[in-house]
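Notes follow once the structure below has been shown.
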Amino acid sequence: MPELPEVETTLRGIAPHLQDQIVSDVVIRNANLRWPIPKDLPKLLRGRTVRSLQRRAKYLLVAFDHGTLILHLGMSGSLRILPHGTSAEKHDHFDLVLGNGELMRLRDPRRFGAVLWHEGDVAEHVLLAHLGPEPLSVEFDSKYLYDATRKRNAAIKLAIMDSQLVVGVGNIYANEALFRAGIRPQLAANKVSRPRCKRLVQAIKEVLREAIKQGGSSLRDFIHSDGSSGYFQQHYFVYGRKDEACKQCRTPIKHIKQGQRSSFYCPQCQK
DNA sequence: CGCCAGGCCTGCACGC
DNA sequence: TGCGTGCAGGCCTGGC
377 MPELPEVETT
387 LRGIAPHLQD
397 QIVSDVVIRN
407 ANLRWPIPKD
417 LPKLLRGRTV
427 RSLQRRAKYL
437 LVAFDHGTLI
447 LHLGMSGSLR
457 ILPHGTSAEK
467 HDHFDLVLGN
477 GELMRLRDPR
487 RFGAVLWHEG
497 DVAEHVLLAH
507 LGPEPLSVEF
517 DSKYLYDATR
527 KRNAAIKLAI
537 MDSQLVVGVG
547 NIYANEALFR
557 AGIRPQLAAN
567 KVSRPRCKRL
577 VQAIKEVLRE
587 AIKQGGSSLR
597 DFIHSDGSSG
607 YFQQHYFVYG
617 RKDEACKQCR
627 TPIKHIKQGQ
637 RSSFYCPQCQ
647 K
């Protein structure tokens, strides 16, 4: 379940292997991801050089001179670097074969992910054009969050998970950040005061930074093993801890549904 | 067997 | 009219 830290870790893992490499081939085994993988991708990329790699929200952007490969891991996707000739398994849908004897392989059992191609300025792509600021940027500060939530009557948790407001805050980190900020997930966004917006921004940055740091420490494992190794084992204060004792006050953690998603909170620590 | 998890786009209804 | 907002549905598989 890649959230932003996992995507960032993936970027750091694959970047050194792809940077300045020539694509020798593209293999599409199953084009039926969230959107179809473009059929002409092999033709488009063969013989072309990877110029740079970036992340925007949870999208990985692989830039070539003539366009950008856009990758999204959806909810079950992972990328690995493997030697040429490594046999593909059941859910290995896409390979980028490189001139250095390696290949980058996308595995995605649930196929919520995406592999797309865009010519021209990638920031103008429909999927990227309306995205809010990066959570770790200076642009995402308490003033921004306060202003952006004034007209929002919806719950604060739904607001921080809205990619038009801020990108990259998935369900787990939304829950954890709200706990750290002492805010109930169901509180209306426009009722969150300035000081609490400040705490929330700090908490979001904190949980994401910690997770990225953790990811970095197991980067080698991540790249060479099954893509789901220990880099995600942050200790959670509330996520998935229904009825368990709050780590701060021992009150049982509550579980509710918001927007068809699970929310967890401590009724004592979060108001 | 049924249900749930996850990201997030899409479509619809609503109010200003 | 058009926009922002809010909400539900859908995609898909593995694990319980």
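Under the working numbering, the first residue of the first sequence carries the number 377, and numbering increases by one thereafter. Don't be surprised by glycine CBs; every beta carbon is placed ideally from N, CA and C. Since we're looking at a predicted model, the values are computed, not measured.
Beta-carbon proximity list for residue i, same chain, < 6 Å, skipping 5 on both sides
i, result
"D468", "R481 and R483"
"A524", "L541"
"K574", "S518"
"H501", "H494"
"Q562", "A531"
Beta-carbon contacts of residue i that lie in its chain and below 8 Å, excluding the five residues immediately before and after
i, result
"R570", "S518 and Y522"
"K633", "S639"
"I629", "V614, R617, K618, D619, E620, A621, C622, F640, Y641 and C642"
Integer-rounded CB distance, given that residue j should sit under 8 Å from residue i
i, j, result
"L512", "R585", "7 Å"
"I390", "G475", "Not quite, the Cβ-Cβ distance comes to about 15 Å (not below 8 Å), so this is no contact."
"Y641", "E552", "Contact doesn't hold; Cβ gap of about 10 Å is too wide."
"R486", "S452", "4 Å"
"V438", "D396", "Actually they do not touch by this definition, with Cβ atoms about 12 Å apart."
Nearest residue (CA-CA) to residue i, options the options
i, options, result
"S400", "L387, R422 and F470", "R422"
"K581", "P561, F516, T525 and K623", "F516"
"I413", "L492, N566, K618 and K466", "L492"
"V583", "Y612, Q562 and R626", "Y612"
"R637", "G546, K567 and Q644", "G546"
"R388", "Q624, Q644 and I588", "I588"
"V568", "E379, K647, D416 and H460", "K647"
Beta-carbon proximity of residue i to residue j, cut-off 8 Å
i, j, result
"A579", "R556", "yes"
"L576", "I559", "yes"
"V403", "F470", "yes"
"A490", "A499", "no"
"H393", "I457", "yes"
"L507", "K533", "no"
"G544", "E510", "yes"
"L455", "T385", "no"
Cβ-based neighbour list, residue i, same chain, cut-off 7 Å, excluding 5 preceding and 5 following
i, result
"V383", "R431, K434, L436 and L449"
Item to check | Contained beta strand (DSSP E) runs [length at least 3] in the region 416–503, N- to C-terminal order | outcome: 428–432, 435–440, 443–448, 454–459, 468–474, 478–483 and 490–494
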